[in-house]
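Number of protein chains: 2
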Amino acid sequence: MDEQAPWVQQQADPLAPRDDDLRHAMELLFFAYRDFTGEADAVLADYDMGRAHHRAVYFIGANTGISVSELLAILKITKQSLNRVLSTLIDEGYVVQETDDGDRRRRLMHLTPKGRDLEQLLTRRQSAHVARAYRDAGPDAVEGFRRVLFGLINEADRHRVTLPGAAAHG
Amino acid sequence: MDEQAPWVQQQADPLAPRDDDLRHAMELLFFAYRDFTGEADAVLADYDMGRAHHRAVYFIGANTGISVSELLAILKITKQSLNRVLSTLIDEGYVVQETDDGDRRRRLMHLTPKGRDLEQLLTRRQSAHVARAYRDAGPDAVEGFRRVLFGLINEADRHRVTLPGAAAHG
DNA sequence: GCATATAAGTCAATAACACTGACTTATTTT
DNA sequence: AAAATAAGTCAGTGTTATTGACTTATATGC
Chain A
5 MDEQAPWVQQ QADPLAPRDD DLRHAMELLF FAYRDFTGEA DAVLADYDMG
55 RAHHRAVYFI GANTGISVSE LLAILKITKQ SLNRVLSTLI DEGYVVQETD
105 DGDRRRRLMH LTPKGRDLEQ LLTRRQSAHV ARAYRDAGPD AVEGFRRVLF
155 GLINEADRHR VTLPGAAAHG
Chain B
5 MDEQAPWVQQ QADPLAPRDD DLRHAMELLF FAYRDFTGEA DAVLADYDMG
55 RAHHRAVYFI GANTGISVSE LLAILKITKQ SLNRVLSTLI DEGYVVQETD
105 DGDRRRRLMH LTPKGRDLEQ LLTRRQSAHV ARAYRDAGPD AVEGFRRVLF
155 GLINEADRHR VTLPGAAAHG
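Residue numbers (the working numbering), protein chains in the order written: chain A, 5 to 174; chain B, 5 to 174.
Below, the structure written as C-alpha cells:
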C-alpha cells in the first residue's frame, strides 16, 4: 500500500472540503458555464459576432460611461483584443464614445438604443436560463450560490460586481 | 414616458427573480469563472499547453476508460479540435489509448502516472481556490451553490457530473 | 515650461482553439 | 453484403487572444 499523497484527502482539518467535493465543484462550474454561455451563441452568429462582442456590450450596458481602461480591467484582455471588437461595435452603431470633459484623454462609452436592443436580445435567453435555475433552487440556495461565487472572485475584483438593487445608471 | 418593455421587470410573478438579480448572477458567473480558470493558466504555459489540454486531462482522469466519442460529448467540441490536443497528450506520454476488447472500434483512454501528476498539478491551485471559497461560505451556502449550478446545466448533461462520494474508478 | 506619466489607438506578427466539410479505415450490426 | 458506427485525418477558415513597438493627445509634477 502506498502512502496517501498530501493532497489526496486532507483529513487533518475536518472543516476542509473533501477532494471529491472540490472535483464536483469544478465539474459543476465547467458544465454550467458551458451551457450558460451557449445560450447566446446562436443569436451572436446571426450578427456575425462572437462572445467578445457580447461581453463588451454587456459591460458597457451595465456601466454606462465606462472608460476603455476600466473595461480592459474588467475583461482582463489586451487593448488590441478589445479594440478589434470595439471598432466593429462603434462602426455599426451599437456603442458610442464621448470625450470626458474632466479628462479629455478618456473616452467614455455607452450603448446606443440599437446597442441596448442587442444587449437585451443577447441577455434574454441567458436570463431565462438563470431564472429557471433560480426558481427551481429556491431563495436560500440562491443566497448560497452568490456567496460561493463571490468568494471565487479575486478579492481585487469583487468591487466590480454590480450589486442587485443598485440602480443601473443608464 | 415610454412603456416598460415586457422583459424589463416581470413583476407579474412575484416568485420570478428580478432583472437585477439575473444580471448579478451573470456577472458572478463571468468573474468567478474567469478567475477560477485563470489559476491553471500559468502552469499550463510552462508545459506549452492550453485550457483545452487541461480539460481533456481532467475528464480522462475523472472518467478512466472513457472513449473518444464520450469525451467529445462532454467537451462539446469537434473531433478535429479534440484530436489536436489528444495527439500531443498521447505523443508526450500523458494519455494512453487501448482498444476496447468488447468493441474493437473503440479506443478507451486513461492517464499515465505522468498524466496523473500533470492533472494534479493543474488541479491543485484550482482546488485550493475552490476550497477557500467553500470554507468561507459555509456548508449551507455550498449546498445552494450546487443546486443552482446543477440547475444551470442542460438536463441532458446533468448525468455527466461526477457525484461526490462516488469513488473515482481509476 | 518641460519632463514624465497616462489614456487611447494603431501596426505587424503570432498562436490557441475552435469551426466546416469531406474522406478513409476498421469494425460492428442488420 | 449493406449500412451504421468509432476513430482518425486532410485542407481551409475564423474568432479570440497574445506580444512588442509605436503614435497621439492630454494631464500632472517639478
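In this text, a Cβ means the ideal position worked out from N, Cα and C, and glycines have one as well. Predicted model only: the values in this text are computed from it and were never measured.
- Residue pairing of residue 113(A) in beta bridges, as defined by DSSP: 70(A), 101(A).
- When C-beta distances to chain A are compared with 7 Å, the residues of the region 143 to 160 of chain B below that value are 144, 145, 146, 147, 148, 149, 150, 151, 152, 153, 154, 155, 156, 157, 158, in chain order.
- Between residue 120(B) and residue 44(B), the CB-CB gap reaches or exceeds 8 Å.
- If you draw a straight line from the Cα of residue 69(B) to the Cα of residue 85(B), it is about 20 Å long.
- Annotated three-state conformation of residue 96(B) is coil, per DSSP.
- Contact between residue 126(B) and residue 48(B) holds, with the beta-carbon distance rounding to 7 Å and staying under 8 Å.
- Within chain A, the C-beta atoms nearer than 7 Å to that of residue 166(B) come from 27, 28, 31, in chain order.
- DSSP places residue 141(A) in the helix class (H, G or I) of the three-state scheme.
- Residue 58(B) is outside the set of residues whose beta carbon lies under 8 Å from a beta carbon in chain A.
- Note on geometry: alpha-carbon atoms of residue 114(B) and residue 55(B) lie some 19 Å from one another.
- Neighbourhood of residue 131(B) in chain A, by CB distance below 7 Å: 26, in chain order.
- Residue 87(B) carries a helical assignment under DSSP once its states are collapsed to helix, strand and coil.
- Membership of residue 26(A) in the alpha helix (DSSP H) is indicated by the continuous run 23 to 50.
- Contact check for residue 157(A) and residue 165(A): beta-carbon distance about 7 Å, within the 8 Å limit, so the pair qualifies.
- Nearest CB-CB separation between residue 44(B) and chain A: not below the 8 Å threshold.
- The C-alpha of residue 39(A) is placed about 12 Å away from the C-alpha of residue 46(A).
- Leaving aside the five residues that flank residue 110(B) on each side, the residues in its chain whose CB is nearer than 6 Å to its CB run, in chain order, 71, 104.
- Between residue 98(B) and chain A, the shortest Cβ-Cβ separation is not below 8 Å.
- Within a 10 Å sphere around the beta-carbon of residue 163(A) sit fewer than 16 other beta-carbons, which makes this residue exposed.
- Pairwise C-beta distances place the region 131 to 140 of chain B in contact with the region 18 to 30 of chain A, as three or more of them are shorter than 8 Å.
- In this structure, the alpha-carbon of residue 73(A) lies about 42 Å from that of residue 167(B).
- Contact annotation for residue 138(A) against chain B: 20, 21, 25, 26, 29, 152, 155 [CB-CB distance below 9 Å, chain order].
- The alpha-carbon separation between residue 64(B) and residue 102(B) amounts to approximately 13 Å.
- With respect to the 8 Å criterion, residue 116(A) and residue 99(A) are classified as neighbours on the basis of their beta carbons.
- Taken through DSSP and simplified to helix, strand or coil, residue 108(B) comes out as coil.
- Each residue's CA atom was taken as its position, placing residue 143(B) and residue 31(A) some 18 Å apart.
- Sorting 134(B), 154(B), 151(B) by C-alpha distance to the C-alpha of residue 22(A) places 134(B) at the top.
- Among the residues of chain A, none has a CB under 9 Å from the CB of residue 83(B); the nearest is roughly 18 Å distant.
- The distance from the Cβ of residue 37(B) to that of residue 123(B) is about 20 Å, inconsistent with a contact at the 8 Å cut-off.
- Identification of chain A residues near residue 39(B) by a Cβ-Cβ cut-off of 8 Å yields 156, 157, 158, 161, ordered along the chain.
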